[in-house]
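Enquirer: To convert, note that position 1 of the sequence shown is 318 in my numbering; the numbers rise steadily by one, no gaps. Can you keep this structure in mind? I'll have questions shortly.
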Amino acid sequence: MAEGVNANIVIIGCGISGISAAHRLVKAGFHHVRILEATARSGGRIKTGRLGDNIVEIGANWIHGPSEENPVFCLARQYGLLDPEALTPENQAMDVGGHPPWFPNFFSSSGRKLSAEDIYPAQEMFVELLNEGSEFQGQQGEPWASVGEFIRSEVQQRAAEKWKDVDASTRSLRLCAISNMLKVECCVTGTHSMDEVGLGAFGLYKTLPGLDCTFPRGYEGLIKNIMSALPRGLVTYNQPVRCVHWSNTEKRENPVVVECEDGARIDADHVIVTVPLGYLKKHLSTMFHPPLPLHKLHSVQRLGFGTNNKIFVEFDVPWWDADCEVIYLLWEAEDGMVDQVPDIHRSWIKKLFGFTVLKPTERFGHVLCGWIAGHESEYMETLSELEVTHAVTQLIRRFTGNPAITPRRILRSQWFHDLWTCGSYSHLRRGCSQQDQDNLMEPLPPKGSQSHSLQVLFAGEATHPCYYSTVHGAVLTGWREAERLISHYSSFSPSEPIKSKL
């Protein structure tokens, strides 16, 4: 390990993945670790903001599956960042399969509050189909290429059997609810449409037990606590990287050169790239020299990376039930089970499935968080705050039938137009497989080349085989690549391939 502690390691990106890698390397005794961050802040897609007096999450929102296996939960508990309820054994044991049992309110586009009992059968069928859709992973011959096509086909068949005695208007309403749930799933998955998500690979995503919880004082508290354990000056801010120059031949002195936008050139023994997949896709042709090997390049292109944005809306008084945790907006003409709008410029707001209610009320007052994914969400980012406020106000007045409701203020995220993320998080597009994920996380030079020098390593949520799109996935990949280097210097011999540790 003596040789290792003097290795020059450069980490590109100061999101949770880069910070986690740096933390583990420094703890293992590496003296020359530095992070290059393109922006003026740490945290990446963890970003806490303010709406009036309220703390809101512009980026990552929940700890998904807060239980012992989740490193984010364990760190948050260690740093004392969670409410007591989140720490209870009951909370950790609750397995919700990625769909928390929130108490809903349903409204329709004709201005009616709907009976939840009328909608529940559609929700049950939808969750059942999502679970079934997860089972095709690893099997040959899935019936449809995408999750969206599978769900629509199955709903049509099952609705004809199960709802044949239901009156036409209730049946139509349930199909409208399926459209709404497809939009919900677009937000969960980070995609424009569930027709773009591969059915065969859908089951690769795994959930952890535990009822999703939030950080009362903001997710950025996690970043601050991990950062406080790193040496001062380890991060260079406002330092975008233009190109990583690596070598496909035998190891030489400082095999990697990191070229920054300002012309600075930094020599390194190893570089860990933690940039979001969206950024990687956009800068694929210029970010590496020589270019990525074809198999890796094609996997970057095949994997999906979409946009999911939030619109926070504050009110003087609530127009939803006191126990309500989520509000679903059902468009009565959408019984065709659709998750895209035909005219984005005129109808983008229809992609917003509804709102989650920020709880507890004592902390937040009356604040809702609207969710919108896909190209409609990307178009929303181009509008002025006034235009978005107007659209949201009209939407709520229409669905409640109350023309007097007026938001006090709004705040929205704009992840697609963020230069350094180009979207929200990754998913497995149709045509993707586990091989694409393996290719993405494979270090450079690739397997089979003359050199085993681990010049360029890859971390970030998109490189996790089953927790992609999550913060805990990002943490685990940062640790994985740090461990890869630690084991490289402690026990690596050229005849042994490096095994990634999760």
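Using N, Cα and C, we set each Cβ at its ideal position, and we do this for glycine too.
#1: Pull up the distance between the alpha-carbon of glutamate 513 and that of glutamate 502, whole angstroms please.
#2: Would you kindly report the start and end of the unbroken beta strand (DSSP E) that includes lysine 523?
#3: Can you give the Cα-Cα distance for arginine 589 and alanine 639, rounded to whole angstroms?
#4: By Cβ distance below 6 angstroms, which residues in the same chain neighbour glutamate 698 in space, the five residues on each side in sequence not counted?
#5: Using a Cβ-Cβ cutoff of less than 7 angstroms, which residues in the same chain neighbour phenylalanine 681 once the five nearest sequence positions on both sides are dropped?
#6: Would you list the residues sitting across from cysteine 686 in a DSSP beta bridge?
#7: Taking 7 angstroms as the CB-CB limit, is valine 373 close to chain C?
#8: By the DSSP assignment, the beta strand (DSSP E) with proline 421 in it spans what residues?
#9: Do three or more CB pairs link the region 381 to 394 to the region 548 to 555 at distances below 8 angstroms?
#10: Looking at the unbroken alpha helix (DSSP H) that takes in serine 496, where does it start and where does it end?
#11: Reducing DSSP to helix, strand and coil, say where glutamate 800 ends up.
#12: Rounding to the nearest angstrom, what Cα-Cα distance links leucine 528 and cysteine 641 in this structure?
#13: Relative to the alpha-carbon of glycine 691, which residue among Gly428, Gly535, Asp656, Ala721 has its alpha-carbon at the smallest distance?
#14: Leaving out five residues on either side along the sequence, give the residues of the same chain with a beta carbon under 6 angstroms from the beta carbon of methionine 758.
#15: Alpha carbon to alpha carbon, how far is alanine 581 from leucine 525? Give it in angstroms, no decimals.
#16: Given a cut-off of 7 angstroms, decide if histidine 381 and isoleucine 543 are closer than it, judged by their beta-carbon atoms.
#17: Mapping DSSP to helix, strand and coil, what is alanine 585?
#18: Pick helix, strand or coil for glycine 623, following the three-state DSSP scheme.
#19: Given a cut-off of 7 angstroms on the beta-carbon distance, is the pair arginine 747 and serine 486 in contact?
#20: What would DSSP say about glycine 535, mapped onto helix, strand or coil?
#21: Rounding to the nearest angstrom, what Cα-Cα distance links valine 617 and isoleucine 468 in this structure?
#22: By DSSP, does cysteine 825 sit in helix, in strand, or in coil?
#23: By Cβ distance, which residues of its chain are closer than 6 angstroms to tyrosine 696, with the 5 residues on each side in sequence left out?
#24: Assuming isoleucine 540 and serine 359 form a contact by the criterion Cβ under 8 angstroms, report the distance between their Cβ atoms to the nearest whole angstrom.
#25: Here's the rule I'm using: 16 or more other beta-carbon atoms within 10 Å means buried, otherwise exposed. How should arginine 801 be labelled?
#26: Using 7 angstroms as the threshold, is the C-beta distance between cysteine 504 and tryptophan 688 below it?
Expert: Here's the rundown:
#1: Glutamate 513 and glutamate 502: Cα-Cα distance of roughly 12 angstroms.
#2: Unbroken run through lysine 523: none, as it is neither H nor E.
#3: Correcting the residue type first, residue 589 is isoleucine in the shown sequence and not arginine. Linking isoleucine 589 to alanine 639 through their CA atoms gives a straight-line distance of about 48 angstroms.
#4: Counting only Cβ-Cβ distances below 6 angstroms, and skipping sequence neighbours, we find Gln731, Phe733, His734.
#5: Asn371, Leu675.
#6: Listed as beta-bridge partners of cysteine 686 by DSSP are Phe629, Thr673.
#7: In the displayed structure, chain C is absent; only one protein chain is listed.
#8: Where proline 421 is concerned, the enclosing beta strand (DSSP E) stretches over 421 to 425.
#9: No, the region 381 to 394 is not in contact with the region 548 to 555.
#10: Under the DSSP assignment, serine 496 falls in the alpha helix (DSSP H) whose first and last residues are 485 to 506.
#11: The three-state secondary structure of glutamate 800, taken from DSSP, is helix.
#12: Going from the Cα of leucine 528 to the Cα of cysteine 641 covers about 17 angstroms.
#13: Checking every option, the nearest Cα to that of glycine 691 belongs to Asp656.
#14: Correct list, in chain order: Phe775, Thr780.
#15: Put simply, the backbone Cα of leucine 525 is about 43 angstroms away from that of alanine 581.
#16: Their beta carbons are not under 7 angstroms apart, which means isoleucine 543 does not touch histidine 381 by this criterion.
#17: Three-state DSSP puts alanine 585 in a strand.
#18: Strand.
#19: The Cβ-Cβ distance between arginine 747 and serine 486 does not fall below 7 angstroms.
#20: In the structure shown, glycine 535 adopts coil according to DSSP, grouped into three states.
#21: Cα-Cα distance, rounded: 27 angstroms.
#22: Absent from the structure is residue 825, since the part of the chain shown begins at 318 and ends at 819.
#23: So the list reads Ile661, Trp665, once near-sequence residues are dropped.
#24: Confirmed, Cβ separation roughly 5 angstroms.
#25: The residue in question, arginine 801, is buried, as its Cβ has 16 or more Cβ neighbours within 10 Å.
#26: Taking 7 angstroms as the Cβ cut-off, cysteine 504 and tryptophan 688 qualify as a contacting pair.
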